[in-house]
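**Q** Provided herewith is a single structure, encoded as structure tokens, for subsequent inquiry.
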Amino acid sequence: MCDLFALSASHHFTAATSLPLFAVRGRKNVHGWGIGFFRQRLPVVEKSGDQVFADGRLHVSFQRLARVVNSPIILAHIRYKSSGEVDDCHAHPFVLDFWGQSWIFAHNGKAPAIELYASPNTPGLEATSDSARAFEFLRDFFLNAVPRRPHTPFVAILQEALILLLQRYPGEYNLLLSNGQVIWAFTNHRQFLMLKGSEKLEDALLLTTIEEGLSSENWQRMAAREGSLGLLLLIAGGDLVLMEDLLP
Amino acid sequence: MCELFAMSAGYHYTAQEYLPLFADKARDNMSGWGIGFFREGQVHIEKSCEGIYAGGHVHDSFQRLARVIGSRIIISHIRCPKSGHEAESSAQPLTDFFLDHHWLFSFTGEAPNCHAYESPRPLMRDRLVAARVFEFVRDGMAEQQAAWPENSLYQALAVTCKKLLRQYPGEYAFFMANETVLFAFLNHGEILTYHPPGAPGESIVLTTVEGGLTRDPGFWHAYPNENLDHGQILIISGADLLYLGHV
């Protein structure tokens, strides 16, 4: 199963400590890695189909990027293939534009039903995987919702999109979605672990799907409650701003 | 009644198109003004006890500041003469540091009972309702986060606003922001939002000024609230209204 990582702060941070730990603790994911962030308003993604951890060592480029990437929001993904090929193109995160902004997306979970989704919009993502199709599905939903923008909060549209996604294409979805200002996180399987104010890692808000967290500190486990379709989080700056169950 | 203005954008923006319109539309409030914004995580506030509009012109400093200030979030307040305050120190926005952030706060409304609130950490001695409301909200959120650190900022604010309405019934509308997120609360009147047509992903403008600020009222969307026992909280970050919750 792939794993996800996010750092969010109100000012620029590097994840020089937590990103390598994320890669080490998620080293069973052997099918690629990626790091995404924003420079000014433009998304930047560096990714690879190589193993993030091999022969007892972290991938050199991953290590270097972990030291150098400096941004208020950093997303990372390490991949264990459940859909699609093993190459740079299928590694996460992915980037698409909608809602007048560029978005970075990373997904963890199996959702084979959505592999058949054919987006009516361009551009499409080159990757042939459930994750790529799920991102296109969300993009397409938001494109159709543009006329509602002036009077509909973003969360209402995202909730509708997720409910439709789960109805039409049931599956496991842990996902991160960021426009460089906020991070939306959704989980309907496994969990997210969150830590604020770490004394051992970066003093930002850290989020991961790694079950034991990335340090021996008090990571808060967040998972969908019974009866809900999933759990939706909104993160801005170094704060958890909103946490809501996705209800049918 | 005092009037409120806020602008939120994904990146540093000036509100030079909208702040002068705000001043013009709120020109009856001749008793002082303030503009607050963020620079590298720090709060900056420029305020004055002079009228916002005199001799057919918007206050010179206000106009210049409107052109120059660039920030992801800008909050402005124009004070009503009925507020009974003349000192510059009691002009808004107000600021304080709590929950790991510098916050800007500006308020309009009538809640005389709120003067009875005694904070363990008073912001100022002035008999200013806005200060008491800010203290109440700050203390309440800090208490909530200390007791339930796993809860979200929204949950802390919603619980606190509910308490505010129960303990000190009145008319409240306020904007409260740190460097990345803006909360708007109201239980009376309305807050209007505006996405500049042609660039909806760039910024969002909010105001309490009736009808909005521009000549295209159709682009303004109103969030009215008539029942004083219940309120609404809007969460804004970047160019978007992210959430609308009912308290």
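Those sequence lines, one after another, are chains A and B.
With this note's numbering as the guide, the letters of the first sequence map in order to residues 1 to 248.
With this note's numbering as the guide, the letters of the second sequence map in order to residues 249 to 495.
Cβ atoms here follow ideal geometry from the backbone N, Cα and C, with glycine treated the same way.
Exposed or buried, which one is P248 (chain A) when buried takes at least 16 other CB atoms within 10 Å?
**A** Here the question's residue 248 (chain A) lines up with position 248 in the first sequence. P248 (chain A) should be labelled exposed.
**Q** With a threshold of 9 Å between beta-carbons, can N399 (chain B) be considered close to chain A, or not?
**A** In the second sequence, residue 399 (chain B) corresponds to position 151, counting from 1. Closer than 9 Å to some Cβ of chain A, the Cβ of N399 (chain B) qualifies, so yes.
**Q** Whose Cβ in chain B lies nearer than 9 Å to the Cβ of D239 (chain A)?
**A** Start at 1 with the first residue of the first sequence, and residue 239 (chain A) comes out as number 239. Per Cβ cutoff of 9 Å: L347, D348, H349, S400, L401, N426, T428 and V429.
**Q** Thinking just about the alpha-carbon of each residue, which of B:G299, B:A447, B:V407 and B:E383 is nearest to the one in Q101 (chain A)?
**A** The count along the first sequence starts at 1 and reaches residue 101 (chain A) at position 101. Taking only the C-alpha atoms, the option nearest Q101 (chain A) is B:A447.
**Q** At the level of alpha carbons, what is the spacing between Q392 (chain B) and F105 (chain A)?
**A** Locating residue 392 (chain B) in the second sequence gives position 144, where the first residue counts as 1. Locating residue 105 (chain A) in the first sequence gives position 105, where the first residue counts as 1. Going by the C-alpha atoms only, they are around 32 Å apart.
**Q** Please decide whether T441 (chain B) counts as near chain D, where near means a Cβ-Cβ distance under 9 Å.
**A** The structure shown has no chain D; the protein chains it does contain are A and B.
**Q** In chain order, what residues of the same chain have a beta carbon less than 6 Å from the beta carbon of I157 (chain A), not counting five sequence neighbours either side?
**A** In the first sequence, residue 157 (chain A) corresponds to position 157, counting from 1. Only A145 meet the Cβ criterion.
**Q** Considering A23 (chain A), what are the terminal residues of the alpha helix (DSSP H) in which it resides?
**A** In the first sequence, counting from the first residue as 1, residue 23 (chain A) sits at position 23. S18 to R25 is the span of the alpha helix (DSSP H), which, as asked, contains A23 (chain A).
**Q** Between S309 (chain B) and A236 (chain A), what straight-line distance do the alpha-carbon atoms span, to the nearest angstrom?
**A** Along the second sequence, one-based indexing puts residue 309 (chain B) at 61. Along the first sequence, one-based indexing puts residue 236 (chain A) at 236. Whole-angstrom Cα-Cα distance: 33 Å.
**Q** Using the three-state DSSP reduction, which class does H90 (chain A) fall into: helix, strand or coil?
**A** For the purposes of this step, residue 90 (chain A) is identified with residue 90 of the first sequence, where counting begins at 1. Residue state, collapsed to three classes: helix.
**Q** State buried or exposed for W396 (chain B), treating a residue as buried only when at least 16 other CB atoms are found within 10 Å of its CB.
**A** As a first step, residue 396 (chain B) must be located in the second sequence, where it is residue number 148. When all chains shown are included, W396 (chain B) counts as exposed.
**Q** Which residue comes first and which comes last in the alpha helix (DSSP H) that contains K273 (chain B)?
**A** On the second sequence, position 25 is the one that residue 273 (chain B) refers to. Start and end: L267 to K273.
**Q** Mind checking if G449 (chain B) is an interface residue toward chain A, Cβ cutoff 9 Å exclusive?
**A** One-based indexing of the second sequence puts residue 449 (chain B) at position 201. G449 (chain B) counts as touching chain A.
**Q** Between the alpha carbons of L65 (chain A) and I183 (chain A), how many angstroms are there, rounded?
**A** The residue labelled residue 65 (chain A) in the question sits at position 65 within the first sequence. The residue labelled residue 183 (chain A) in the question sits at position 183 within the first sequence. L65 (chain A) and I183 (chain A): Cα-Cα distance of roughly 21 Å.
**Q** Within 9 Å (strictly less), CB to CB, does K200 (chain A) reach chain B?
**A** To locate residue 200 (chain A), count along the first sequence from 1; it is residue 200. Answer no: the Cβ-Cβ gap between K200 (chain A) and chain B never drops below 9 Å.
**Q** Starting from G460 (chain B), find everything on chain A with Cβ-Cβ shorter than 7 Å and list it in chain order.
**A** Walking along the second sequence from the start, residue 460 (chain B) turns up at place 212. Here the premise fails: no neighbours, minimum Cβ distance about 12 Å.
**Q** DSSP three-state call for R375 (chain B): helix, strand or coil?
**A** Position 127 of the second sequence holds residue 375 (chain B). Coil, per DSSP.
**Q** From the beta carbon of L176 (chain A), is the nearest beta carbon of chain B less than 9 Å away?
**A** Taking the first residue of the first sequence as position 1, residue 176 (chain A) is located at position 176. No, no contact with chain B.
**Q** Do you know how far the Cα of H31 (chain A) is from the Cα of I484 (chain B)?
**A** Position 236 of the second sequence holds residue 484 (chain B). Position 31 of the first sequence holds residue 31 (chain A). Spanning the two alpha carbons is a distance of roughly 38 Å.
**Q** For a minimum of 3 consecutive residues, which ranges assigned as the beta strand (DSSP E) are wholly contained in the stretch 45–92 of chain A?
**A** Entirely contained in the stretch 45–92 of chain A, the beta strand (DSSP E) runs reaching 3 residues are, in chain order, 71–78.
**Q** List, from N- to C-terminal side, the beta strand (DSSP E) runs of 3 residues or more that fit wholly inside the stretch 395–419 of chain B.
**A** Complete beta strand (DSSP E) runs here, min 3: none at all.
**Q** Quick one: what does DSSP say A134 (chain A) is sitting in, helix, strand or coil?
**A** One-based indexing of the first sequence puts residue 134 (chain A) at position 134. In this structure, A134 (chain A) counts as helix in the three-state DSSP scheme.
**Q** Using beta-carbon positions only, say whether I300 (chain B) and F423 (chain B) come within less than 9 Å of one another.
**A** The residue labelled residue 300 (chain B) in the question sits at position 52 within the second sequence. The residue labelled residue 423 (chain B) in the question sits at position 175 within the second sequence. No, the Cβ-Cβ distance between I300 (chain B) and F423 (chain B) is not below 9 Å.
**Q** Quick one: Cα of G479 (chain B) to Cα of G258 (chain B), how far?
**A** Counted from its first residue, the second sequence places residue 479 (chain B) at position 231. Counted from its first residue, the second sequence places residue 258 (chain B) at position 10. Between G479 (chain B) and G258 (chain B), the C-alpha separation is close to 27 Å.
**Q** Mind listing which residues of the stretch 95–116 of chain A have their C-beta closer than 8 Å to chain B's C-betas, in chain order?
**A** So the list reads W99, G100 and Q101, given in the order they occur along the chain.
**Q** Sorted by chain position, which residues of the same chain lie with C-beta nearer than 8 Å to E115 (chain A)'s C-beta, five sequence neighbours on each side aside?
**A** Walking along the first sequence from the start, residue 115 (chain A) turns up at place 115. Within the same chain, E115 (chain A) has close Cβ partners S83, T128, S129, D130 and R133.
**Q** Could you give the distance in angstroms between the alpha-carbon of K410 (chain B) and the alpha-carbon of P112 (chain A)?
**A** Mapped onto the second sequence, residue 410 (chain B) falls at position 162. Mapped onto the first sequence, residue 112 (chain A) falls at position 112. So the two alpha carbons sit approximately 44 Å from each other.
**Q** Under 9 Å between the Cβ atoms of L193 (chain A) and G213 (chain A)?
**A** Here residue 193 (chain A) corresponds to residue number 193 of the first sequence, with the count starting at 1. Here residue 213 (chain A) corresponds to residue number 213 of the first sequence, with the count starting at 1. Taking 9 Å as the Cβ cut-off, L193 (chain A) and G213 (chain A) qualify as a contacting pair.
**Q** Ends of the alpha helix (DSSP H) at V457 (chain B)?
**A** Here residue 457 (chain B) refers to the residue found at position 209 of the second sequence. Segment: none, V457 (chain B) is in no alpha helix (DSSP H) and carries neither H nor E.
**Q** Say the cut is 8 Å; is the CB of Q340 (chain B) nearer than that to a heavy atom of the ligand ADP?
**A** No copy of the ligand ADP appears in this structure; indeed no ligand is present at all.
**Q** DSSP three-state label for S338 (chain B), please.
**A** Here residue 338 (chain B) is taken as the residue at index 90 of the second sequence, counted from 1. Helix, per DSSP.
**Q** Taking the C-alpha atoms as reference points, what is the distance between I400 (chain B) and N121 (chain A)?
**A** As a first step, residue 400 (chain B) must be located in the second sequence, where it is residue number 152. As a first step, residue 121 (chain A) must be located in the first sequence, where it is residue number 121. Going by the sequence as given, residue 400 (chain B) is Ser instead of Ile. Spanning the two alpha carbons is a distance of roughly 35 Å.
**Q** Let me check understanding here. Comparing Cα to Cα, which of B:C362, B:A390, B:G388 and B:M389 lies closest to A379 (chain B)?
**A** In the second sequence, the residue the question calls residue 379 (chain B) occupies position 131. Of the listed residues, the one whose Cα sits closest to A379 (chain B) is B:C362.
**Q** Would DSSP call Q480 (chain B) helix, strand or coil?
**A** Looking up residue 480 (chain B) in the second sequence gives position 232. Note: Q480 (chain B) maps to strand in three-state DSSP.
**Q** Which whole-angstrom value describes the C-beta separation of A371 (chain B) and D348 (chain B), a residue pair presumed to lie in contact below a C-beta threshold of 8 Å?
**A** One-based indexing of the second sequence puts residue 371 (chain B) at position 123. One-based indexing of the second sequence puts residue 348 (chain B) at position 100. Contrary to the premise, residue 371 (chain B) reads as Leu rather than Ala in this sequence. Actually they are not in contact, since the Cβ atoms of L371 (chain B) and D348 (chain B) sit about 18 Å apart, beyond 8 Å.
**Q** Using a C-beta cutoff of 9 Å, does D488 (chain B) count as contacting chain A?
**A** The count along the second sequence starts at 1 and reaches residue 488 (chain B) at position 240. So, interface residue.
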